[in-house]
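Count along the sequence shown starting at 1, add 113, and that's the number in the working numbering. Glycine residues also receive a C-beta, built at the ideal position from the N, C-alpha and C atoms. Here the structure is a predicted model, which means the values were calculated and not measured. First up is the structure itself, then whatever we jot down about it.
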Amino acid sequence: MSASGRQVRLLTKEEHLLWAARVKPHLPHCVTMHNNLVQHGLGLVCHDTFYVLRDRPHSVTVLCRKEIIPHTQHIGIFCLKEEVGNLIETLRSSPVIDWEDARRTHLVIGHLPLYVVEPMVRLMQEKGVKARLRSCFTFTYDAHLDHRTLRVPAGFRVCRLGRAGVRHLLENAKYGGIPLDLMYRMAEGVPYIGVYQDPTSTQEATVDPENLPVAGDEEIPVAWNCSKPAGDGGMMVIDERFRRHGFGRLLATTLARRQAALYGFIPHVFVEEDNSVARAMGKNMPGWRMTHECIVIMKCQGSL
């Protein structure tokens with residue numbers, strides 16, 4: 114580890130996995146930080162930098178910084194309610210957030226427990242950064258509560274995405290700015306899956322989330338879903354021509370089971386407060402339940 118101010122940076126895969134185990138008992142708010150630490154610890158991705166507090170040996174506070182989109186600071190934070198005061202004091206002078214840069218460009222702090230939001234907004238105001246809040250509901254999947262056999266209709270198959278599928282996902286998802294080469298690298302590790310047309314499939318088939326074939330590099334899926342860069346799920350798009358086939362439910366659960374079985378993730382998705390369709394789907398799918406609300410803080414254009 115190398116120290117930076119009051120923080121210490123996690124450097125080895127073993128350290129990332131150790132901290133994933135350390136935060137895991139503190140459900141439900143730890144789920145994204147846990148998954149992100151796991152995927153870095155397993156070497157599936159390497160796009161984030163994590164910091165812990167060097168002078169607080171019993172703390173479970175973890176700070177995460179990603180810079181995969183130019184001119185945007187994406188910050189992840191996990192801490193317990195009783196650690197908020199120390200967190201805010203740390204962030205006043207922490208290199209994790211470049212406050213001068215935040216006043217000029219973009220800052221996103223995602224998915225915070227409610228108990229962190231008000232102190233964080235006050236800190237941003239103190240630093241001259243105006244905050245805008247977006248509320249989300251977190252749906253978490255528990256395979257022990259879902260004993261269904263997953264099936265795909267005749268004429269289709271479920272696969273991991275090939276290169277054309279990854280490119281198509283990036284072009285059509287609301288996730289602009291992520292470099293394509295990073296998406297290709299992520300697809301080789303974390304789950305990127307889709308439904309493909311298959312004229313050779315003449316009957317309904319069972320889907321095994323742990324043993325999915327890889328689609329051809331030139332094949333385009335009709336529906337797709339994948340892990341987001343922070344380890345949550347839900348980057349889902351379905352071609353309008355193939356809606357009402359149940360592909361959304363199929364892919365959500367296939368992705369969740371694959372995440373849990375192969376990587377030890379805690380499968381979850383964030384649904385924005387005004388997305389009534391996704392909220393209804395989450396409430397009605399076996400194994401999924403709404404566990405908590407969280408907030409994304411974004412910088413408003415213009416300083417205070």
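Asparagine 397 classed as buried or exposed, judged by whether at least 16 other C-beta atoms fall within 10 angstroms: Translated into the one-based positions of the sequence shown, residue 397 becomes position 284. Flag for asparagine 397 reads exposed.
Inter-stretch contact at 8 Å, needing at least 3 Cβ pairs: the segment 381 to 395 / the segment 258 to 271: no
Sufficient close CB pairs (3 or more, under 8 Å) joining the segment 368 to 381 to the segment 224 to 236: no
Inter-residue spacing [alpha-carbon to alpha-carbon] between histidine 418 and arginine 357: Residue numbering for the chain in the displayed model covers 114 to 417; residue 418 lies beyond these limits and cannot be assessed.
Under the three-state DSSP convention, the category leucine 227 falls into: One-based indexing of the sequence shown puts residue 227 at position 114. Of the three classes helix, strand and coil, the one that applies to leucine 227 here is helix, per DSSP.
Per-residue burial, threonine 174 [other beta carbons within 10 Å of its own, 16 or more giving buried]: The residue given as residue 174 occupies position 61 in the sequence shown. Buried.
Integer Cβ distance of glycine 154 from lysine 126, believed to fall under 8 Å: Working through the sequence shown from its first residue, we reach residue 154 at position 41. Working through the sequence shown from its first residue, we reach residue 126 at position 13. Yes, glycine 154 and lysine 126 are in contact; Cβ-Cβ is about 5 Å, under 8 Å.
Local Cβ density within 10 Å of proline 312, reported as buried at 16 or more and exposed below that: As a working note, residue 312 is residue 199 in the sequence shown. The residue is exposed, with fewer than 16 neighbouring Cβ atoms inside 10 Å.
Under 8 Å between C-beta atoms of leucine 123 and valine 165: Your numbering for residue 123 matches position 10 in the sequence shown. Your numbering for residue 165 matches position 52 in the sequence shown. It is a contact, given that the beta carbons lie within the stated cut-off.
Residues that DSSP places opposite tryptophan 212 in a beta bridge: As a position in the sequence shown, residue 212 is number 99, starting the count at 1. In the DSSP output, where bridge partners are listed per residue, tryptophan 212 has none listed.
Classification of glutamine 372 by the beta-carbon crowding that lies within 10 angstroms, buried from 16 upward: In the sequence shown, residue 372 corresponds to position 259, counting from 1. With 16 or more other Cβ atoms within 10 Å, it is buried.
Buried versus exposed, by CB contacts within 10 Å (16 or more), asparagine 285: As a first step, residue 285 is located in the sequence shown; it is residue number 172 there, counting from the start. Exposed.
Alanine 277: first and last residue of the uninterrupted alpha helix (DSSP H) it sits in: By 1-based counting over the sequence shown, the position of residue 277 is 164. Element bounds for alanine 277: 276 to 285.
Local conformation of arginine 402 per DSSP, three classes: By 1-based counting over the sequence shown, the position of residue 402 is 289. Note: arginine 402 maps to strand in three-state DSSP.
Reduced DSSP category for serine 314 - H, G, I as helix; E, B as strand; rest coil: For the purposes of this step, residue 314 is taken as the residue at position 201 of the sequence shown. Note: serine 314 maps to coil in three-state DSSP.
Distance between beta carbons of glycine 307 and proline 342, contact taken as under 8 Å: As a position in the sequence shown, residue 342 is number 229, starting the count at 1. As a position in the sequence shown, residue 307 is number 194, starting the count at 1. That belief does not hold up - the Cβ atoms of proline 342 and glycine 307 are roughly 18 Å apart, past 8 Å.
8 Å Cβ shell around glutamate 317 - same chain, five flanking residues per side excluded: Taking the first residue of the sequence shown as position 1, residue 317 is located at position 204. Contacts found: Arg264, Val265, Pro266 and Ala267.
Cβ contact check for the segment 207 to 217 and the segment 351 to 368: 3 or more pairs under 8 Å: no
Nonlocal neighbours in the same chain, by C-beta distance under 6 Å from glycine 347, ignoring five residues either side: Position 234 of the sequence shown, counting from 1, holds the residue named residue 347. Only Val382 meet the Cβ criterion.
C-beta contact flag for tyrosine 254 and alanine 369 at 8 Å: Sequence index remark: in the sequence shown, residue 254 carries index 141 (1-based). Sequence index remark: in the sequence shown, residue 369 carries index 256 (1-based). Closer than 8 Å, so yes.
Boundaries of the alpha helix (DSSP H) in which phenylalanine 360 is found, first to last residue: Position 247 of the sequence shown, counted from the first residue, corresponds to residue 360. Start and end: 360 to 371.
Beta-ladder partner(s) of asparagine 338, from DSSP: Position 225 of the sequence shown holds residue 338. Its beta-bridge partners are Ile306.
For leucine 220, the three-state DSSP class (helix, strand or coil): Numbered from its first residue, the sequence shown carries residue 220 at position 107. Residue state, collapsed to three classes: strand.
Residues near valine 136 by beta carbon distance below 8 Å, same chain, minus five either side: The residue labelled residue 136 in the question sits at position 23 within the sequence shown. Closer than 8 Å at Cβ, skipping near neighbours: Cys143, Met146, His147, Leu150, Val173, Val175 and Phe191.
Helix, strand or coil at glutamate 180 [DSSP, three-state]: Position 67 of the sequence shown, counted from the start, is the residue given in the question as residue 180. Glutamate 180 falls in the coil class under three-state DSSP.
Span separating the alpha-carbon of histidine 184 from that of glycine 395: Within the sequence shown, the letter at position 71 stands for residue 184. Within the sequence shown, the letter at position 282 stands for residue 395. Each residue's alpha carbon lies about 34 Å from the other.
Residue nearest to cysteine 418 in terms of C-alpha spacing, selected from Leu236, Tyr376, Val279 and Asp321: Summary: the structure shown does not reach residue 418, with the chain confined to residues 114 through 417, and so no result is reported for it.
Short Cβ contact (8 Å threshold) for cysteine 272 with alanine 328: Position 159 of the sequence shown, counted from the start, is the residue given in the question as residue 272. Position 215 of the sequence shown, counted from the start, is the residue given in the question as residue 328. Cβ distance < 8 Å, so cysteine 272 and alanine 328 count as in contact.
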